[in-house]
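Notes for the one structure printed next.
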C-alpha cells in the first residue's frame, strides 16, 4: 500500500476524464416538463454539450452616462460617519445585512437585500454595494440604514471588478463596448473623486487590479481563434495608458475559462490560469513577468497538476501557490516547484486558496472542509464546513459564517482548532423559512491600513425569548438588538455560553444534567449544521421533545457516530473523525459536559469504531481496522477504562473484517459482525459469537450468505437482534429487515416486514427493558426516510420511537435508567 | 481579489422547499444545478450514454416524487446523485449485455500513445470497471466522480461508513493491481 495515495490521485484523475465523456447538458425545460407530467423525453431529447457563450465586450457609453449620473446622485445619501472605527465584517443572509465592528456592535441593515445577493463593502468600507440582476445599488452604512428605493444605482450588463480597496471599479459591459473605470471614493458614496473614464479594449474575458490600484490587467479573446491577449493599462490621474501587451498561448478551442488572474503583490508578475474544458482540467497556468513582458507556462495540466484552479501569491510575492488537485503546488519566483502541500485528507479538490497575512500559512477551501497548513507542509489542520459556509480572512484571523439556527459567525486564530463564537444573528425557530444565502465580507483593506484591525470576539448568545425572524423594519432589528444586549452582558464579564442554542458547538452548561434527569432519553446520530452537515450525537426524549445536540462537548468538529450509553446512563461513548483522517473513541460525561478521548487511532490504524460499553461499566469493546502490507486487518479489543489498558481478543487477516461488537448482558461473550472478502470482492456478512473465556474462536450464528449485520444483544440475554437484507438489498441498507435469533443460532425469526413494501429496517437496539427494538427505518409502513422507529420484539406495534411523530436519526439507543 | 473567499452562493434549502411544494421554477433550478453531476455518475456506472440518460431521467422522476421526504436540504446534491447512481445500478443490472457489447466496441477504438505522465488511460479504467459488479461501480462513482466521502456515501446508501471504507479500500487496491500492472 506504499503508493496508494499517489495511485488514488491518478485514479481520481482517470475517473474525471471518464466522467467528462458523459452527456453534459440537457434540455432542462423539456426534462422538467416530462418529469412533472410523467412523460419520457427519450424520443425528442438530445443532450447537446454545453458551450460557453461567446463573450463580447463593447464600450458602455450609456453605462458610463449612468455611472456619472449615479455619481451626481450621491447627494441622496448623507455622508456616513464611521461608527465602526475601521474594522468590520459584513454578514448577511440574503435578506438582512449585519455589520460587526470592534466590540461587536452588530448593526442591522434591514431590507437592504432584495435578490438573495451577497453585499460587498466598498468605498473604504462605509458603503454597502448590492448586486442585483440588472444594477448595483448602494447604501451608506450608517447604523440602521436601509437601502432606500431611490438609492443610487449602477447598471451592469457584463461583469465588474473592484479594486483591492474597492475604491475603484472596472465595469465590463458585454453588450455596449469596453471597460469603464470609475473611482467610487473612499469614505463617501459613489461620486466623490475623479470622473469615470474608459479603457479602449474589447472582447475582455477577465480583468484584475494591481494591489496599488494603478494598473488594470485585462485578458482579451480576439476574433474566433484561441489566442488570448494579455494587456495592462495604467490608470492614473484620470488618464489611461496602455503599458503591456503580450500574447498568451492557449490550447483551448475557445477563450477557455479564466480560473485565476492573480497579480503578485509587488506588481511585477501576474499568474494566469486558464482551463480549457468545463472541468477546469486541460488548461495551463502561465507566469507573466512585466517590464519587459515575458510569458512562461509553469503548469500545463500534465505535470501532476490535475486541475487548473485558483492561484495565490504570498504577501511578499516570493512564492506562488497553485491548486494541484487536492493539494497545492508551491512555486518560487521563477515558477519552479519548491514544495507540494497536502490538502484535504480525503482528496476533495481545492476550490479556493488564500495566504494568511503572515505569509506563513495557506488556507484551502474544498466543498466540505477548510484546510490550513504552513507553507512547509507542517501544522495542517482540517476543519469541516458545509458547502454554504462563507469564509474570510480578516486582520489575521479566519472568520466563518454558516447557518445553524440563524447566522453563526465563528472566528479561528491561525492555530485554533476550535472556533470562538463571535455572533449569532437572525435566529429563527423555523429553519425552513430562513433565506437562502449566507454571505460574509470583510472590510476591504485600505491603502493606509492594509491589514485591518481585529474584531474583538466574545461569546454571544441570545437571552430570553427566542427572537423572531429579522424584521423588515429599516431600523435595527430585534435580533440585532438582542445581540447588542448580549454583547453588553459579555463585556460586563459574565459571558454566557450557548444555552439558547442546542446546536452550539460550545460546551453545554452543566444545567444539562438537570434536563436529563432520570428520563429514558434516546441517543442517536444525525446530520447537524454545527458539524458542517456531518452527523453528530443528539439526544431526544421518547416523547419526541427536547432534541439537542450534545456532541458540542468534543473539542473538534469532525463527524460523530455510533453512540452507546454507559450502564449508569450518565456517559455516552462515541467515535469521532479526527483531523488526521482516522476515527477515535470519545466519552462525553453528561454531568459535566466534558469530553475525553479514550482511544486515539494513529496511523497505520484506520479507525476505531462501534464501541460498546460492557455491562460492568468498566470496560469497552471496540473494532479497530488497520492498514498493513497484507491489506486491511481488523481486531476486537477490550479497553479497561480505569487503566486505559487494551487487550486484543480477536483478530483477522485481510480476508475478514470485524464490525459492531456487542456484549452479552453477563459480560462473558461478544457478538460480532464479520464480513468476508475475496480480494476486492465482498462475499458476505455473518454474525459470530466470541466467548471471552476462549478468545480466538468464534461460532457462527448467522451465516455469511444471510448478510446479517449490526447485532445487538438483548438485556435478558436470550435474543440477538440484527438486520439482514432481502434479495436485491444492501447489507445494512436498502430492503433490510430486523431479525432476532437465540445466541446459539436457533429460533431465528423476522421482526419487521418493511422490505416487502420497499422499505428498510436497520441498526436495531433493544430498549433497556428488552421489550422493544429501536431501529432506523425508511419507507413501507414507516413512510419517512431514515427515521427512528420502534417495534415490539414480537413484531407488533410498529411506530415512531419519539412520540407521535418520527424524527430523523441513525443508530438510536435508549438510555438505561435506574430501575 | 475579494476578501471573502466566496461572495455569492445559494443554499439549496429554499429551492428544495419550493420544489417540494410543486414549484416548477424551483424544480427546474434543481435540474440545472444537479443534472450534470448526476449524469456524470450515472455514465460512469452504466458506461453508456443512453443508459445514463434514461437512468438520470428516471432519477429525476423519483426525486420529484420524494422531494418532500428529503430531511436535510443541504444534502440535496448527494441525495440526487445517490438516486441517479441507484437508477444507473438498476439499469446496469437489467442491461449488462448491451453495456458489455458497447465496452467491447469501444475497446477496439484506437488508443492514444502511452501518456508520459503515467496517467491511467480512460479505456483501461472502463475495462476494469466492466469487470466489477454494479454495487462496486456505484461506490467508486460516488467516491471519485461525485467526490463524496465514505460517510456521505454511507449516509446516502444507508450502509455503514466502516463498510464503505473497507469496500472502497479493497476496490482501490484491486484497481491498482489491474491498472498498474
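Residue numbers (this note's numbering), protein chains in the order written: chain A, 1 to 819; chain B, 1001 to 1181. Where is the CB? At the ideal position from N, CA and C, for every residue including glycine.
- The count of Cβ pairs closer than 8 Å, one atom from the segment 707-718 of chain A and one from the segment 676-686 of chain A, reaches three, so the stretches are in contact.
- Per DSSP, residue 1043 of chain B is not a residue of any beta strand (DSSP E); the alpha helix (DSSP H) it occupies stretches across 1024-1046.
- Between residue 1162 of chain B and residue 618 of chain A the beta-carbon gap is near 25 Å, outside 8 Å, which marks them as no contact.
- Nearest Cα to residue 682 of chain A within the set B:1153, B:1174, B:1067: B:1174.
- Per DSSP, reduced to three states, the secondary structure at residue 250 of chain A is coil, with no helix or strand assignment.
- Here the alpha carbons of residue 353 of chain A and residue 415 of chain A stand approximately 18 Å from one another.
- Residues of chain A with a Cβ closer than 8 Å to the Cβ of residue 1165 of chain B are, in chain order, 606, 607, 625.
- For residue 730 of chain A against residue 1133 of chain B, the beta-carbon gap comes to about 12 Å, at or over 8 Å, which does not count as contact.
- Assigned with DSSP and collapsed to three states, residue 556 of chain A falls in coil, not helix or strand.
- The closest CA to that of residue 374 of chain A, considering only A:328, A:767, A:648, is found on A:328.
- Below the 9 Å Cβ cutoff, chain A contributes 22, 23 as neighbours of residue 1052 of chain B, in chain order.
- Approximately 35 Å separates the beta-carbon atoms of residue 534 of chain A and residue 695 of chain A; this is outside 8 Å, ruling out the contact.
- When the five nearest sequence neighbours on each side are left out, the beta carbons in the same chain lying within less than 7 Å of the beta carbon of residue 567 of chain A are those of 613, 615, 617, 816, in order along the chain.
- Taking a C-beta cut-off of 7 Å against chain A, the contacting residues of the segment 1144-1160 of chain B are 1144, 1145, 1147, 1149, 1151, 1157, 1158, 1159, 1160, listed in chain order.
- For the C-beta of residue 1032 of chain B, the chain A residues within less than 8 Å are, from N- to C-terminus, 28.
- Counting C-beta atoms within 10 angstroms of its own C-beta, residue 241 of chain A has fewer than 16 neighbours from the protein chains shown and is therefore classed as exposed.
- Residue 760 of chain A has a beta carbon lying within less than 8 Å of a beta carbon in chain B.
- Beta-carbon to beta-carbon, residue 396 of chain A and residue 357 of chain A are separated by about 5 Å, close enough to satisfy the 8 Å threshold.
- Chain-order list of chain A residues neighbouring residue 1040 of chain B: 19, 22, by C-beta distance under 7 Å.
- Across the segment 1074-1089 of chain B, CB contacts with chain A closer than 9 Å involve 1074, 1075, 1077, 1086, in sequence order along the chain.
- Distance from residue 762 of chain A to residue 793 of chain A at the Cβ level is roughly 17 Å; contact not present, criterion being Cβ atoms closer than 8 Å.
- For the alpha helix (DSSP H) assignment, the uninterrupted runs of no fewer than 4 residues enclosed by the segment 1123-1159 of chain B are, from N- to C-terminal side, 1134-1140, 1150-1157.
- Non-local beta-carbon contacts of residue 266 of chain A in its own chain, meaning distances under 6 Å to residues more than five positions away in sequence, involve 317 in chain order.
- Distance from the Cα of residue 543 of chain A is smallest, within the candidate group A:165, A:805, A:296, for A:805.
- Between residue 525 of chain A and residue 563 of chain A, the C-beta gap is smaller than 8 Å, which places the two residues in contact.
- Assignment of beta strand (DSSP E) within the segment 311-341 of chain A, counting only whole runs of 3 or more residues, yields 320-324, 327-331, 337-341 in chain order.
- A contact between stretches requires three or more CB pairs, one per stretch, nearer than 8 Å, and the segment 1049-1060 of chain B fails this requirement with the segment 1123-1143 of chain B.
- Take the alpha-carbon of residue 1019 of chain B and the one of residue 1083 of chain B: they are about 17 Å apart.
- In the three-state reduction of the DSSP assignment, residue 381 of chain A falls in the strand class, which pools E and B.
- Of all residues in the segment 588-599 of chain A, none comes within less than 8 Å of chain B when Cβ atoms are compared.
- Burial of residue 166 of chain A is indicated by the presence of at least 16 other C-beta atoms within 10 angstroms of its C-beta.
- The C-beta distance from residue 746 of chain A to residue 540 of chain A rounds to 36 Å, too long to meet the 8 Å contact threshold.
- By the rule that beta-carbons nearer than 8 Å mark a contact, residue 229 of chain A does not touch chain B.
- It is roughly 14 Å from the alpha-carbon of residue 1045 of chain B to the alpha-carbon of residue 1147 of chain B.
- Membership of residue 1064 of chain B in the alpha helix (DSSP H) is indicated by the continuous run 1049-1066.
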